[in-house]
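Structure, as structure tokens:
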Amino acid sequence: MSEAVLDGREDQLSGRSATLARYASTLTARPWALTRELVGELAAHGLDQAAIEGATGVVAVFNYLTRVADASGIEFDYVSPLPEFKPALERRAVERPDRAFWPVIGPEFRTFPAFPALTEAWQRWHKYVFDTDAPLTRRERSVLALAAARECCDRWRADALVASEPADDKERLLARFAVKLSREPWRMRPADLERLRTHGYSEPALLHAIAVVALQNAESRVAMGRGLGEAGAAQGIPA
Amino acid sequence: MAWLETISRAEATGELAEVYAAMAARPIPEVYVPPHGDAPGIIRAHSLDPELMRHTFGSSGTLHRSTLEWSERELLSSVTSRTNECFY
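Protein chains in written order, with my numbering: chain A, 1 to 239; chain B, 1001 to 1088.
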């Protein structure tokens, strides 16, 4: 199963595994296109609400971790029996839909009702990453988060941050960093951090810039996973 | 060598050393223990801010209590990483 996933052959999986794989790839690459039907397929394979929330949480967290890995340039350091994974570094991201079609998903879909412990831990994480004053200012965090939310087509979050439109060259640099790390994290290079360093950002500030963008990507996917998947919520855009 | 400055477990002091120790005490599958003896790179990437490290892995760690099978969580994380063209 692992080799099929590494080679992009999820279509060779079957049943519940295939549906989980499709859920993860859709929520990662085209979160706005998630449909209630796909989540319904997960339920048809025996996943209850807690299991589906757990799946959403795993995908969201790995959308955070992969962006931290790509932006910080850490090296692969596990011993794996699987063939070496060769990423397609020149691949381009899928086009984003027009803003008029972005789903609007409110705060009630940005938690994990079946996992109170996860919800509480995540809220502390959110507060620390978005609502602290150092080593980045709150304004700088909001500029980064706005650009990331837009890349996720997360209209509710982007609207909430609309006052954080970049206002000068330094903020535009932050926004460009957030766009690249959100849209095509696999194309990050050392120069992306170096550009921020030359504008005076310290190493801890760089870590926080990465964390803000990565966490916004994770949270927007929680919103899409829950909001587009549950009855009574917004509708996704058909692929 | 990472592009972002990091602090190894051997060099860590104070709060960072405490967080590293707490994380090392958590049970993890053998396959995720790197052979170099230091903390995994994804954890070290957060080493400039131990509080951020604690929040990040405190949240992700709670997912292990999910009702999904371990193999299903691995499937979800692998597909997510591959879709993002990432080795992690």
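In this text, a Cβ means the ideal position worked out from N, Cα and C, and glycines have one as well.
What did DSSP end up calling N63 (chain A) once you bin it into helix, strand or coil? Taking the first residue of the first sequence as position 1, residue 63 (chain A) is located at position 63. The DSSP-derived three-state label of N63 (chain A) is helix.
Close Cβ partners of A239 (chain A) (< 6 Å) along its chain, the five nearest in sequence each way excluded: Stepping through the first sequence from its first residue, residue 239 (chain A) is reached at position 239. With a pLDDT of only 49 at A239 (chain A), under 50, the local geometry of the prediction cannot be trusted, and the value read off the model is given with reservation. Only A33 meet the Cβ criterion.
Indicate the three-state DSSP secondary structure (helix, strand or coil) for K86 (chain A) in the structure shown. Your numbering for residue 86 (chain A) matches position 86 in the first sequence. Note: K86 (chain A) maps to coil in three-state DSSP.
So, are the CB atoms of S72 (chain A) and L1004 (chain B) less than 8 Å apart? As a position in the first sequence, residue 72 (chain A) is number 72, starting the count at 1. As a position in the second sequence, residue 1004 (chain B) is number 4, starting the count at 1. Here S72 (chain A) is near L1004 (chain B), since their CB atoms are less than 8 Å apart.
Enumerated in chain order, which unbroken segments of the alpha helix (DSSP H) with a length of 4 residues or greater are wholly contained in the region 175 to 224 of chain A? You should have 190 to 198.
What does P204 (chain A) reach in chain B if we use C-beta pairs closer than 8 Å? Your numbering for residue 204 (chain A) matches position 204 in the first sequence. What P204 (chain A) touches in chain B: L1048 and D1049.
Within 8 Å (strictly less), CB to CB, does P1040 (chain B) reach chain A? Residue numbering aside, residue 1040 (chain B) sits at position 40 when the second sequence is read from its first letter. Output row for P1040 (chain B): interface = yes.
Proximity winner among A:A167, A:D154, A:D131 and A:V59, relative to N1084 (chain B) (alpha-carbon distances): Here residue 1084 (chain B) refers to the residue found at position 84 of the second sequence. N1084 (chain B) has its Cα closest to that of A:V59, out of A:A167, A:D154, A:D131 and A:V59.
Tell me whether Q123 (chain A) is buried or exposed, calling it buried when 16 or more other Cβ atoms sit within 10 Å of its Cβ. Translated into positions along the first sequence, residue 123 (chain A) becomes position 123. The residue in question, Q123 (chain A), is exposed, as its Cβ has fewer than 16 Cβ neighbours within 10 Å.
Flag G1058 (chain B) as yes if its beta-carbon sits less than 8 Å from any beta-carbon of chain A, otherwise no. Along the second sequence, read from residue 1 onward, the residue named residue 1058 (chain B) stands at position 58. Yes, G1058 (chain B) counts as interfacial toward chain A.
Could you give the DSSP three-state label for W1003 (chain B): helix, strand or coil? Locating residue 1003 (chain B) in the second sequence gives position 3, counting from the first residue. Coil at W1003 (chain B), not helix or strand.
For R1073 (chain B), which residues in chain A fall below 9 Å Cβ to Cβ? Against the second sequence, residue 1073 (chain B) aligns to sequence position 73. Result: G54, A55 and V58.
Quick check on DSSP: helix, strand or coil for L173 (chain A)? Locating residue 173 (chain A) in the first sequence gives position 173, where the first residue counts as 1. DSSP places L173 (chain A) in helix when its eight states are reduced to three.
Within 9 Å of chain B by C-beta, residues of the region 63 to 79 of chain A in sequence order: Correct list: N63, Y64, L65, T66, R67, V68, A69, D70, A71, S72, G73, I74, E75, F76, D77, Y78 and V79.
Counting only the same chain and skipping the five closest in sequence on each side, list residues whose C-beta sits under 8 Å from that of C152 (chain A). Reading the first sequence from its first residue, position 152 is the one you call residue 152 (chain A). For C152 (chain A), same chain residues with a beta-carbon under 8 Å away, outside a window of 5 residues either side, are P31, W32, S182, Q216, N217, S220, R221 and M224 in chain order.
Check whether the region 124 to 136 of chain A touches the region 1052 to 1062 of chain B, taking contact to mean three or more Cβ pairs, one atom from each stretch, closer than 8 Å. Output reads yes: the region 1052 to 1062 of chain B touches the region 124 to 136 of chain A.
Limits of the unbroken alpha helix (DSSP H) element including R1009 (chain B): Against the second sequence, residue 1009 (chain B) aligns to sequence position 9. R1009 (chain B) -> no alpha helix (DSSP H), and no H or E assigned at all.
Please go through the same chain and pick out, in chain order, the residues whose beta-carbon is closer than 6 Å to the beta-carbon of W102 (chain A), but skip the five residues on each side of it. To locate residue 102 (chain A), count along the first sequence from 1; it is residue 102. Shown here for W102 (chain A): same chain residues with a beta carbon closer than 6 Å to its own, the five before and five after excluded, namely C153 and R155 in chain order.
Taking contact to mean 3 or more Cβ pairs, one atom from each stretch, closer than 8 Å, check whether the region 111 to 118 of chain A and the region 1060 to 1074 of chain B are in contact. Three or more Cβ pairs closer than 8 Å define a contact, and the region 111 to 118 of chain A meets that threshold against the region 1060 to 1074 of chain B.
Would you decide whether I74 (chain A) is buried or exposed? Buried here means 16 or more other CB atoms lie within 10 Å of its CB. Position 74 of the first sequence holds residue 74 (chain A). Classification for I74 (chain A): buried.
So, A178 (chain A) versus L206 (chain A), is the Cβ gap smaller than 8 Å? Here residue 178 (chain A) corresponds to residue number 178 of the first sequence, with the count starting at 1. Here residue 206 (chain A) corresponds to residue number 206 of the first sequence, with the count starting at 1. In this structure, L206 (chain A) does not lie closer than 8 Å to A178 (chain A) by Cβ.
Should E1085 (chain B) be flagged as near chain A, meaning a C-beta pair shorter than 8 Å? As a first step, residue 1085 (chain B) must be located in the second sequence, where it is residue number 85. Chain A contact via Cβ: present.
Cα-Cα, which of A:T66, A:S14, A:A24 and A:N63 is closest to H45 (chain A)? The residue labelled residue 45 (chain A) in the question sits at position 45 within the first sequence. Considering only A:T66, A:S14, A:A24 and A:N63, the residue with the shortest C-alpha distance to H45 (chain A) is A:S14.
When you compare the region 1032 to 1041 of chain B with the region 1007 to 1019 of chain B, are there three or more beta-carbon pairs, one atom per stretch, that lie closer than 8 Å? Yes: the two stretches touch, three or more of their Cβ pairs being nearer than 8 Å.
In chain order, what residues of the same chain have a beta carbon less than 8 Å from the beta carbon of H199 (chain A), not counting five sequence neighbours either side? Here residue 199 (chain A) refers to the residue found at position 199 of the first sequence. The answer, listed in chain order, is K170 and L173.
Checking 8 Å against the spacing of the C-beta atoms, do F109 (chain A) and S1077 (chain B) come in under that value? Residue mapping note: residue 109 (chain A) aligns to position 109 of the first sequence, counting from 1. Residue mapping note: residue 1077 (chain B) aligns to position 77 of the second sequence, counting from 1. For F109 (chain A) and S1077 (chain B), no; Cβs fall outside 8 Å.
Please return the same chain residues whose Cβ sits closer than 6 Å to the Cβ of A147 (chain A), not counting the five positions on each side in sequence. Locating residue 147 (chain A) in the first sequence gives position 147, where the first residue counts as 1. Close CB contacts of A147 (chain A) within its chain, under the 6 Å cut and outside five residues either way in sequence, are with A175, A178 and V179 (chain order).
Closer than 7 Å by beta-carbon distance: list the chain A residues that pair up with L1076 (chain B), in chain order. In the second sequence, counting from the first residue as 1, residue 1076 (chain B) sits at position 76. Residues of chain A with a Cβ closer than 7 Å to the Cβ of L1076 (chain B) are, in chain order, L20, A24, A55, V58 and V59.
Would the beta-carbon of R22 (chain A) fall within 8 Å of that of L228 (chain A)? Against the first sequence, residue 22 (chain A) aligns to sequence position 22. Against the first sequence, residue 228 (chain A) aligns to sequence position 228. Contact flag unset, no.
For T19 (chain A), which residues of its own chain have a beta-carbon under 7 Å away from its beta-carbon, when the five flanking residues on both sides are left out? Walking along the first sequence from the start, residue 19 (chain A) turns up at place 19. Excluding the 5 residues flanking it on each side, T19 (chain A) has same chain C-beta neighbours closer than 7 Å at E41, L42 and H45, in chain order.
What distance in whole Å lies between the Cβ atoms of H1046 (chain B) and T1056 (chain B), which are believed to be in contact at a cut-off of 8 Å? Here residue 1056 (chain B) corresponds to residue number 56 of the second sequence, with the count starting at 1. Here residue 1046 (chain B) corresponds to residue number 46 of the second sequence, with the count starting at 1. 6 Å between Cβ atoms; contact.
Here's the rule I'm using: 16 or more other beta-carbon atoms within 10 Å means buried, otherwise exposed. How should Y1088 (chain B) be labelled? As a working mapping, residue 1088 (chain B) is identified with position 88 in the second sequence. By the neighbour-count rule (16 or more Cβ atoms within 10 Å), Y1088 (chain B) is buried.
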